[in-house]
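Asks: What follows is a structure written as structure tokens; I'll ask about it next.
There are 2 protein chains.
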Amino acid sequence: MGASLGRVETQRVVLFTAERPLTLDSGATLGPVEVAFETYGTLDEDRANAVFVCHALTGDAHAAGHHDDPSRKGWWDTIIGPGRPLDTDRLFVVCANLLGGCQGTTGPSSIDPATGRPYGLRFPLMTVRDLVRVHRALTAHLGIERPLAAIGGSLGGMQVLQWALDAPDELGAALIICASSRLSAQNIAFSAVARESIMGDPDFRGGDYYGNGSAPDRGLSVARMLAHITYLSEESMRRKFGRRIQDADVPRFGFDVDFQVESYLQYQGAAFLKRFDANSYLYLSRVMDYFDAFADPAVTTRALERTATRFLVMSFDSDWRFDTSHSREIVRTLAAHGAQVTFREIESPYGHDSFLLQVPEYHRTVAGFLDRAFRERSR
Amino acid sequence: MGASLGRVETQRVVLFTAERPLTLDSGATLGPVEVAFETYGTLDEDRANAVFVCHALTGDAHAAGHHDDPSRKGWWDTIIGPGRPLDTDRLFVVCANLLGGCQGTTGPSSIDPATGRPYGLRFPLMTVRDLVRVHRALTAHLGIERPLAAIGGSLGGMQVLQWALDAPDELGAALIICASSRLSAQNIAFSAVARESIMGDPDFRGGDYYGNGSAPDRGLSVARMLAHITYLSEESMRRKFGRRIQDADVPRFGFDVDFQVESYLQYQGAAFLKRFDANSYLYLSRVMDYFDAFADPAVTTRALERTATRFLVMSFDSDWRFDTSHSREIVRTLAAHGAQVTFREIESPYGHDSFLLQVPEYHRTVAGFLDRAFRERSR
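Chains as they are written, first to last, in my numbering: chain A, -6 to 372; chain B, -6 to 372.
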């Protein structure tokens, strides 16, 4: 449905400097903060057609179109483009690599001006609110006062929720997809094992592995393999791999990769190393663990009793990373405070990964919700 | 309910020798094979009151009573003892460490007589049928021709199922608890990540880490942490830990252990290192991956059309490691071939671990089934 954008470019902008640094929730300050972002479509004269895309744990600013290689599309290309749910024929879509990332925005692999070396674990701890601060600094820089909408899945949805709470006058619509207002014990447990794997790798060296010729690749790869199990449903794993043997009809019986599902996970683990930094993984997974959007009832009430934002909260019935109960908890709290909330649980066999895929009912729902927001905003 | 046994001893016996070795499914031979086992209760004159306990992935022969320390009971002490479901006032209970284990029975950490050094990865690959061969050699050694029953949970239940298929005349009853006739893609995926973590640890050294002063502790610990997530239900993790902070009221915000669930997993990972060998973990997890009890329809038919064994298949509704669909598949196949099968899904919030816990309905069901087997056998 719709067409893909053509060639796009990643842009960079310094939003905070050593002199005018970003102050984080922890009290720490950070500067310079550079942000990598992409935009698709054209900002209209009223600056009222902007949709901000918040990416998930390991995403980046390159959400749609392609860079050099036309066959390698951005991570959310199926939903962004002319005639697509985030319709670039009329919307101006912005996606930025988040704070603490490793794809152009300042993070633990960036140079610490105090030492001239990469931050490593000297990078400050962040909160989802801090990630949103940087997004809002970018929209301000782009001259967007009130985005038509913010949208994101997983950690992306958590940023959208936090944004709506921090700036109740700002977002026209908030689209929160397979996210959570706070992680469960099991969610934190998976994070903890992933971090243990990374930090226990002898090549981690307390986070100072840059320029040493080796990084905690084994630990990061195991973390990624584990994460992939939680991104797929049991059903989609069965459909995709079952108990099939890789490149053979009968098992080889040994410790090498034998089942297709092993081969898939190994590939995902290895491919991840080329594009992701272990310290960023640690910081961003910790941001998720500590997130607790409605922790302070007074803050929640203050934000929601005066919000004009329309919320769309969506989950996928086969998602077991953030199952529907996470979305229902968000909906309950929003609705209890009188916010305008639409909730949809979408049937899809693909688990948490569904938000990245072309699930027709999901795309139709997003398109319809944005269409209404666009028409009402444009009046 | 019932009482705990007092002090018990682990016994050892050499069941196969270099001259009369064990021949495995793979064609490899193994000798000597020593087996560590314990017995509780008294074998009656007819040798008709024996119940064989098959343990799970990381269990051992010490199922009930205590060794030196009266406060440290065997792993299944709640179900074995005078007046308990496996009632040692009238039953003779046998539990043996399985082949490939590391608690007294020959496994990869044993000395290879060909080299005078531990086998490591030169230990042969095994199947569940091989594990059962050794159990049956032990019952023969003990003068038990037809055990009243075999019982086990998880990998233990897989051994019971295989035993019933391999020797359809032998078992009076087969109690198969939260097991599987073949792992799903997701089950194998978790195994694969655990093995990757162990084998990727630089201290693994291709399996030859014995006597080197260091073992793949980090990798094994991560594998164990991961396994523990799959042993508990999301519900029991929420009840047990929620988002509570360890030893404090407010989060410390950092990468050290902060949430209680992290502390629990770290403890489980570290404690496991004291009692388990990484190579045994690799071998036994691979045994589970390759298990496919009903792979050959002709073999299944031949075994089941003449079996006199009564089957009890049980699952726990909150178990997501081997959920009820695994048990239902076993029941369907057994019933389709005319075997006598009772199926029970037990309500329990504790997930896969339920089979180790004192869940009343579960214990009553086991007690009732064994009671009937005992009365009919004794006539």
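For glycine and all other residues, C-beta sits at the position ideal for the given N, C-alpha and C.
Taking only three categories from DSSP, how would you classify A:ILE144?
Replies: strand
Asks: Between the alpha carbons of B:CYS171 and B:LEU349, how many angstroms are there, rounded?
Replies: Going by the C-alpha atoms only, they are around 11 Å apart.
Asks: In this structure, how does DSSP classify A:GLY165 when only helix, strand and coil are distinguished?
Replies: coil
Asks: Less than 8 Å between the C-beta atoms of A:TYR343 and A:SER308, yes or no?
Replies: no
Asks: What residues in its chain sit with their C-beta under 6 Å from that of B:ASP116, if we drop five residues either side in the sequence?
Replies: Residue 116 of chain B is actually Phe in this sequence, not Asp. Apart from sequence neighbours up to five positions away, the residues of its chain that approach B:PHE116 with a beta-carbon distance below 6 Å are PRO101, ordered along the chain.
Asks: Does B:PHE183 come out as helix, strand or coil in the three-state DSSP assignment?
Replies: Looking at B:PHE183 - three-state DSSP - the assignment turns out to be helix.
Asks: With DSSP collapsed to three states, give me the class of B:SER229.
Replies: helix
Asks: Going residue by residue through the stretch 315 to 354 of chain A, where are the continuous beta strand (DSSP E) segments of at least 3 residues, counting only ones entirely within it?
Replies: Runs of the beta strand (DSSP E) inside the stretch 315 to 354 of chain A: 333 to 339.
Asks: List the residues of chain A whose Cβ lies closer than 7 Å to the Cβ of B:ALA167, in chain order.
Replies: Near B:ALA167 there are no residues of chain A at all, since even the closest Cβ is about 24 Å away, more than 7 Å.
Asks: Leaving out five residues on either side along the sequence, give the residues of the same chain with a beta carbon under 7 Å from the beta carbon of B:ALA220.
Replies: Answer for B:ALA220: ALA187, listed in chain order.
Asks: Taking C-alpha atoms, which residue in B:ASP123, B:ARG303 and B:LEU135 lies nearest to B:GLY20?
Replies: Cα-wise, what sits closest to B:GLY20 is B:ASP123.
Asks: Give a yes or no on whether the minimum CB-CB distance between A:MET192 and chain B is below 8 Å.
Replies: By this cut-off, A:MET192 is an interface position.
Asks: For a cutoff of 8 Å on Cβ pairs, would you count A:ARG314 as touching chain B?
Replies: No, A:ARG314 lies away from the interface with chain B (no Cβ there is under 8 Å from its Cβ).
Asks: In this structure, does DSSP put B:MET(-6) in helix, strand or coil?
Replies: coil
Asks: Taking a Cβ distance cut-off of 8 Å, strictly less, list which residues of the stretch 275 to 294 of chain A are near chain B, in chain order.
Replies: LEU275, ARG279, ASP282, TYR283 and ASP285
Asks: Would DSSP call A:ARG372 helix, strand or coil?
Replies: Bear in mind that a pLDDT of 47 at A:ARG372, under 50, signals an unreliable position, so the model cannot answer this.
Asks: Could you list which residues in chain B have their beta carbon closer than 8 Å to that of A:ARG231, in chain order?
Replies: SER177, ALA178 and GLN179
Asks: What residues of chain B sit near A:ILE222, judged by a beta carbon separation below 8 Å?
Replies: GLN179, ALA182, PHE183 and VAL186
Asks: Please classify A:VAL243 as buried or exposed, where buried requires at least 16 other C-beta atoms within 10 Å of its C-beta.
Replies: Classification of A:VAL243: exposed, given that the 10 Å Cβ count is below 16.
Asks: With 8 Å as the threshold, decide whether the Cβ of A:SER19 is near any Cβ in chain B.
Replies: yes
Asks: For B:SER235 and chain A, any beta-carbon pair shorter than 8 Å?
Replies: With the sequence shown as reference, residue 235 of chain B is identified as Gly, and Ser is not the correct amino acid for it. Interface residue, yes.
Asks: Whose C-beta lies closer than 6 Å to the C-beta of A:ASP53 among residues of the same chain, with five residues either side of it excluded?
Replies: ASN90 and GLN96
Asks: Starting from B:MET307, follow the alpha helix (DSSP H) in both directions and report where the run begins and ends.
Replies: That residue, B:MET307, is in no alpha helix (DSSP H); its beta strand (DSSP E) goes 303 to 309.
Asks: DSSP state of B:GLY411, grouped into three classes?
Replies: Only positions -6 to 372 of chain B appear in this structure, which leaves residue 411 of chain B out of reach.
Asks: For a contact defined as C-beta to C-beta under 9 Å, what are the partners of A:LEU258 on chain B?
Replies: Neighbours of A:LEU258 on chain B, chain order: ALA182, ALA185, VAL186 and GLU189.
Asks: Can you tell me whether A:VAL44 is helix, strand or coil according to DSSP?
Replies: strand
Asks: Using alpha carbons as the reference points, say which of A:SER226, A:TRP68, A:PHE246 and A:SER177 lies closest to B:GLU228.
Replies: A:SER177
Asks: Comparing the C-beta of B:ARG368 with each C-beta of chain A, is any distance below 8 Å?
Replies: For B:ARG368, the answer is no, since every Cβ of chain A falls outside 8 Å of its Cβ.
Asks: Leaving out five residues on either side along the sequence, give the residues of the same chain with a beta carbon under 7 Å from the beta carbon of A:ARG372.
Replies: Low local confidence applies: a pLDDT of 47 at A:ARG372 is under 50, so the model's placement there is unreliable, with the coordinate-based value given in what follows. There are no such residues.
Asks: On the three-pair Cβ rule with 8 Å, is the stretch 20 to 38 of chain B touching the stretch 78 to 89 of chain B?
Replies: yes
Asks: Please confirm whether any heavy atom of the ligand SAH lies closer than 7 Å to the CB of B:THR108.
Replies: In the structure on display, the ligand SAH does not appear, and there are no ligands present to speak of.
Asks: For the alpha helix (DSSP H) that A:THR300 lies in, which residues bound it at each end?
Replies: Unbroken run through A:THR300: none, as it is neither H nor E.
Asks: 8 Å is my cut-off, CB to CB: does A:MET385 come that close to chain B?
Replies: Not covered by the structure: residue 385 of chain A. The range shown for chain A is -6 to 372.
Asks: Output yes if chain B places a C-beta closer than 8 Å to the C-beta of A:PRO195; else output no.
Replies: yes
Asks: Residue range of the alpha helix (DSSP H) that B:PHE30 falls in?
Replies: Here B:PHE30 belongs to no alpha helix (DSSP H); instead the beta strand (DSSP E) covers 26 to 33.
Asks: Below 9 Å on C-beta distance, what does A:GLY247 contact in chain B?
Replies: Taking the beta carbon of A:GLY247 as reference, the chain B residues within 9 Å of it are LEU118 and ARG279, listed in sequence order.
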